[in-house]
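Top line first, the protein sequences correspond to chains U and C.
For what it's worth, this note's numbering labels the leading residue of the first sequence as 1, then goes sequentially.
For what it's worth, this note's numbering labels the leading residue of the second sequence as 1001, then goes sequentially.
Beta carbons: idealized from backbone N, C-alpha and C, even for Gly.
Working notes for the structure below.
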Amino acid sequence: MKWLSLEATASVAYKEFLHIYRDRRVLLLVLTLPPLFTLLFGHAFETGELTGVPSLMIDRDNMPRAQEFIDIISKNKTFQWRRGSPDTKNESDLLAHGVRAALVIPRGWDESLDNGDPKPLLLYLDGGDINTADAVEGSVRQSLGDFQLKQRDRMIETLPEEVFELGKQLPVQIRKRFVSMMEMWTVDRKVLYNPKARVIDFVVPGIIGLILQLLTVTLMACTIARERESGTLYQLMVTSLRRREIVIGKILPYLAVSIFLVAVIMAVSRWHFGVAFYQPAALAVICLLFLLCSLGLGLLISAFSRTQTQAIQFSVFFLLPVFVLSGAFAPLEQLPQAIRYVSELFPLTHFCRAFRLVNMYHAPAQFYVIDLIVLLAGALITFLGAAFLLRRIEQ
Amino acid sequence: MRELVIVLDRLSKSFGDVHAVQDLSLTIEAGTIFGFVGPNGAGKTTTMRMLCGLTHPTGGDATIEGLHIWTDRQRVRTRFGYVPQRFSLYRDLTVLENFRFFGGAYGVPGAELDRRIERLLRVTDLQEKRTTAAQSLSGGMRQLLAIGCALVHDPSLLFFDEPTVGLDPVHRQQIWNLLYDLSHEGKTIFVTTHYMDEVERCTEVGFIEDGRLLAKASPRTLKSSFRTRLLEIDVEPLMAALVRLRELPELFGVSLRSGSLRLYARDSEKLLAKWRENWPFPDLRLLGERWVEPDMEDVFTAYSQGYHGILKPST
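Following this line, the structure appears as structure tokens:
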């Protein structure tokens, strides 16, 4: 007897395909959700920068240089400024003002800039979201730096002649040091791997992984549970079909649908968001292994559950930590080390890492081969586990 | 003697402390319509599922066409068709798609499959429903479809678990006619049922209770296993009589048949003689009595209620 009868497997696959095709509501969901989600998530994470943070500006100094600073900081896209009256008392009540930050220019600030003891600006920050607070403070510092640079240039321009004469009497070494100190020291940055710093390029594998994990795991999880619920599983078991033929036959149509969905998501990412894809062969291998791993997982849940309801519940419980901890939308490095070990258990983690290594870093295989091995192992373990559980049904 | 299709040798199945089937030994010859009868929970379905290789025996052995039902189950499965109690085909698939799926699953080659499906559509009278989804068929048609699907790989043995339950008499008749045709073709049929008129239609009947086989014989032999004919009396008022007579220590039981009471007594003649001398129920009127041949229902009642006193020993 052959190890696998192609005809028998094909008849299972065709039947399974008919189930998908006949369930029009689910079919509609499967076909419309992936491109829709891609558009939604893609635009949601398109730019990583914080923009339009509502902020309150209170100018108690009311001098030309304060106004000059306000002009500079108004050009910063981080903020959406609202001017508060100089008499405002409760500037720290951000909630009442409906803002996330408040910047106060204190009385006598302009004057203090010239008398050797510059007064600090007062910044109130909403610490509810640490990222926003940090970004807002950074933007304020940057605008203040720009303002200071401008003031320095103006001072040099308006220095009286005597100062230059005086300076010429200093030794050259001292003069050069003095000039260096007066220059802003800078960093010449070169961003590698994602030079345009586009978040979308980082997030694409997350979107593919999220949608596929959601659809493949839950749909697959229902297949055997459905047969068990309707009693057809026994009918299936008394035919001369072998377990491997049932399992492979059930997986094939879902694999085909999933591959189609990957193509749709990639097409939307390519044409709508302009994400470029490199090394298609390597990406195809990564996607395929990830799909097999997800389908195997669904199958395992399916063989484990008594009813479809249970299958869905198990899927949701499994998928919840995956979405939060797999590094699909945020770097894994944000998580503490101990949690990162848990993340390594999820196929989505390895899929996202391998996908990014190929597509953003253009890395050669040796950098992600370990992720491929983990995905392959995951697929094998889940398939064998499902086959084992199906054997239990027989007994 | 004809070829033995099914051989059970002390076949047993326990679930923990529950002995669903105990030391069941029987043989079934080719071409038999074997009716497997017994109360709910007697072990009929468990036996059938063991024979189908769906659950493994915990004791004893059994073979189908010489192949062991568990260790050779992969090969055994090509030899039989199984129609379970519950409708178990794919409801969202059409009649034709169901046929095709099961044909493919059994590895029936394409051209041969088309020919067989055409024949089975004719046999099951489903030609006009070929593109109808199984869920839109009536109960009787569904059952015919289930039988058709169990025949698609042309097995020599068929298992039916209560095939006519919940069907109207017309469809029951249609299904039994189909079973006769199959039997005529030389197929062996193993059927469980609760309908006694259906038991009469079998060529051989096995009675099972509490996991044990109590009797196995043709319906005629089973009916002749009573010591005597049965006494039937007409009494008024009927229900009062039924209730009173049930309490009598001389009677194992009473059953109501078409307005008469059929009595299961160890010695009916003696009882009747005693009653003729002295009718002990002044409020009941004995209108008449007659002797009747036991039918299958009497056999079933006697076996399942344990009225062994009215049966001949060792049948």
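According to the DSSP assignment, K1223/C belongs to the alpha helix (DSSP H) that extends over 1219 to 1223. In this structure, DSSP gives Y1082/C an extended state, which the three-state scheme calls strand.
Taking 8 Å as the cut-off, the beta carbon of V191/U is found closer than this to the beta carbon of A197/U. CA-CA distance, G296/U to I224/U, rounds to 12 Å. Legend: CB atoms of the region 1055 to 1081 of chain C lying less than 7 Å from CB atoms of chain U belong to residues T1055, H1056, Q1074, R1077, T1078. Contiguous beta strand (DSSP E) elements confined to the region 6 to 74 of chain U occur at 53 to 59, taking only those with 3 or more residues.
Close CB contacts of G167/U within its chain, under the 7 Å cut and outside five residues either way in sequence, are with R175 (chain order). Among the residues facing chain C, Q235/U is included, as its CB has a counterpart in that chain under 8 Å away. By the beta-carbon neighbour count (other beta carbons within 10 angstroms, threshold 16), S139/U is buried. Taking C-beta atoms under 8 Å as the contact rule, L1145/C and T1124/C qualify, at a distance of about 7 Å.
Burial of F1099/C is indicated by the presence of at least 16 other C-beta atoms within 10 angstroms of its C-beta. Proximity of chain C to G98/U at the Cβ level (cut-off 8 Å) is not reached, the minimal Cβ distance being about 54 Å. Counted as a single uninterrupted DSSP element, the stretch harbouring H1194/C is not any beta strand (DSSP E), since DSSP gives it neither H nor E.
A residue is called buried once 16 or more other Cβ atoms fall within 10 Å of its Cβ, and P1237/C, having fewer, is exposed. Counted as a single uninterrupted DSSP element, the alpha helix (DSSP H) harbouring T232/U occupies residues 232 to 238. A Cβ of chain U is located within less than 8 Å of the beta carbon of C1052/C. Here E1198/C is buried. Its C-beta has 16 or more other C-beta atoms within 10 Å. With distances taken between CA atoms, I105/U lies nearest to E91/U out of A135/U, N115/U, V99/U, E91/U. Residue burial is scored here from C-beta neighbours: I251/U has at least 16 other C-beta atoms within 10 angstroms and is therefore classed as buried. Chain C has a Cβ within less than 8 Å of the Cβ of K15/U.
Between I1175/C and Q1143/C a beta carbon distance of about 6 Å is seen, short of the 8 Å cut, so the two are scored as contacting. Around the beta carbon of P253/U, 16 or more other beta carbons lie within 10 angstroms, which makes this residue buried. The distance from the Cβ of R1119/C to that of V1095/C is about 14 Å, inconsistent with a contact at the 8 Å cut-off. For T1192/C and V30/U, the gap between their C-alpha atoms comes out near 44 Å.
Shown here, S1268/C sits in a helix according to DSSP, grouped into three states. K1216/C carries a strand assignment under DSSP once its states are collapsed to helix, strand and coil. Ranked by how close their Cα comes to the Cα of H1308/C, the residues F1252/C, T1046/C, G1066/C, D1114/C have F1252/C in first place. With contact defined as three or more Cβ pairs closer than 8 Å, the region 1061 to 1081 of chain C and the region 1003 to 1011 of chain C are in contact.
Out of G1148/C, M1050/C, L1263/C, L1026/C, the CA that lies nearest to the CA of F1015/C is found in M1050/C. The C-beta separation of I1147/C from L1126/C comes to about 10 Å, leaving the pair out of contact by the 8 Å criterion.
Listed in chain order, the non-local C-beta contacts of I200/U below 7 Å within the same chain comprise G42, F45, E46, F273, V275, local neighbours out to five positions each way being set aside.
Interface annotation, L28/U: not in contact with chain C, CB-CB separation never under 8 Å. A contact between stretches requires three or more CB pairs, one per stretch, nearer than 8 Å, and the region 218 to 234 of chain U meets this requirement with the region 295 to 315 of chain U.
Contact holds between the region 281 to 291 of chain U and the region 349 to 357 of chain U, because three or more Cβ pairs, one in each stretch, are under 8 Å apart.
Closer than 8 Å to the CB of Y1195/C there is not a single CB belonging to chain U. Within 7 Å of the CB of R22/U, the CB atoms of chain C belong to D1092, in sequence order along the chain.
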